[in-house]
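Below is one structure, written out as structure tokens; comments come after it.
Numbering (this note's numbering), first residue to last: 9 to 535.
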């Protein structure tokens, strides 16, 4: 099809009584936006990483687009033929030879994308929690095989990263050569020094056939969750570590100056999967994903068929994403904080920990979920019923709290703050966390949740009645735990006490004041 006349002709008369469609161009596609339907055609080009030069290849990749995207979306209806008729090119009807193929989709509301919600100030932590749950299930169920691991391997990742740098370096009118070289040097150095971590990820089964392009403009809340437009044209861009996938969305939120939402997204995903080892390679993937977006925007900026205003916007996006990659790779990153969330069972500490995450982007790692994970249990299964008292004995407690410190260390390496959520009943557990923060040069504080005895009992009774909580603690544990609980004091560091029986808005205001006071004082660690 001719990119000018034929596309406009096809857009003028659409199946199903659709009015004339608006035509949008990307660097790979023509998108015909009808009122109720959208048709997407591949451009007949070869960019190396995507080859749509033959009719057979365009048909194949249209079919792949439908097949793969149906894993996370319901809007993909099928593939329509495009025929050359005496009246012009027509989609899905008419006589004449088939000259192209188009993916047919239901149209989603423009204002329902995560990007639109963010722009309107309406993208919330709850949206991200829903998305995290959906993507965690998708990653759990994603296809895995020796071939998929080969495609998404460390070696393949390095080739893809190198391609980003080569393509950006070839466009000096768009990209600053010194920035490109600096990011490349950091990326190659990180990959070399962390080769064992990348290998461990492969061995642990972290590589799967994923989405490959998980950013805000591909996520819709309508109200059911639709995640669209995965990578169909190159399995090397789609198959990879789940850490790379979650990094894409986090990078997009960082790019849009919302590190709080970026961190909360990561926290919610990691809470569900318990794959905290992903933090060890996260910074590399954040940088890599920023470079992918820089490259893609750079290609669009040099596409002559795209309107001039779109090309100018693409140049700005390309440069801004390169700058983000440069910041991510920078050596002057201020160490993020480590916070301990402590309190008796039923004190509401986990709720406060989540609110800290929502406000700051901190990764929350909770003893309740870690314990279940280490025991091979689901979050809602009872550790006591399966393992008896041993599940909460000294040996298991040591393993759980050691895991929390490991996660704190990995979060620091990833440049993310962390909240360690648990009872922390004895002082030495909190001192271990303080010592870690001190050794890393990270700000440290303790947040202690408190509530009257009657409130604690009532909450624990309700938890038992309703079920569904990761904690196994019932009201019978409160008295013995209180007897050995050592409240935090100022010798351990900054301590902020929060009365969780207060109305929700008052508690939120108190937490905000505590965080503001801590931030302004920047008392790092005791001693």
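All C-beta atoms, glycine included, are put in the ideal place defined by N, C-alpha and C.
query                                                                                                                                                             : result
For residue 263 versus residue 321, is the C-beta spacing smaller than 8 Å?                                                                                       : no
May I have the straight-line CA-CA distance separating residue 69 from residue 147, to the nearest angstrom?                                                      : 23 Å
Could you tell me which residues DSSP pairs with residue 37 in its beta bridges?                                                                                  : 50
What did DSSP end up calling residue 57 once you bin it into helix, strand or coil?                                                                               : coil
Taking DSSP as the reference, what is the three-state secondary structure of residue 346?                                                                         : strand
To the nearest angstrom, report how far apart residue 350 and residue 144 are at their CA atoms.                                                                  : 28 Å
For residue 352 versus residue 464, is the C-beta spacing smaller than 8 Å?                                                                                       : yes
So, is residue 158 buried or exposed, given that buried needs 16 or more other C-beta atoms within 10 angstroms?                                                  : exposed
Does residue 22 come out as helix, strand or coil in the three-state DSSP assignment?                                                                             : coil
For the alpha helix (DSSP H) containing residue 125, list its first residue and its last residue.                                                                 : 122 to 127
Bridge partners of residue 445, per DSSP?                                                                                                                         : None, per the DSSP bridge assignment.
Please identify the residue among 164, 341, 170 whose C-alpha is closest to the C-alpha of residue 450.                                                           : 341
Return the CA-CA distance between residue 49 and residue 25, expressed in angstroms with no decimal places.                                                       : 20 Å
If you follow the alpha helix (DSSP H) that residue 271 is part of, which residue opens it and which one closes it?                                               : 267 to 281
Between residue 299 and residue 55, what straight-line distance do the alpha-carbon atoms span, to the nearest angstrom?                                          : 17 Å
Report all residues from its chain with a CB closer than 8 Å to the CB of residue 520; omit the five preceding and five following residues, and keep chain order. : 367
When we look at the beta-carbon of residue 436 and count the other beta-carbons within 10 Å, is it buried (16 or more) or exposed?                                : exposed
Less than 6 Å between C-beta atoms, sequence neighbours within five positions excluded: which residues of the same chain meet that for residue 133?               : 272, 366
Would you kindly work out how many angstroms separate the C-alpha atoms of residue 8 and residue 433, rounded to a whole number?                                  : Any property of residue 8 remains undetermined from this structure, which presents the chain solely from 9 to 535.
Does residue 194 pass the burial test, meaning 16 or more other C-beta atoms within 10 Å, or should it be called exposed?                                         : buried
Whole angstroms are fine: how far does the CA of residue 64 sit from the CA of residue 87?                                                                        : 13 Å
Residue 137 to residue 217, Cα distance in whole Å?                                                                                                               : 22 Å
According to DSSP, is residue 504 part of a helix, a strand, or is it coil?                                                                                       : strand
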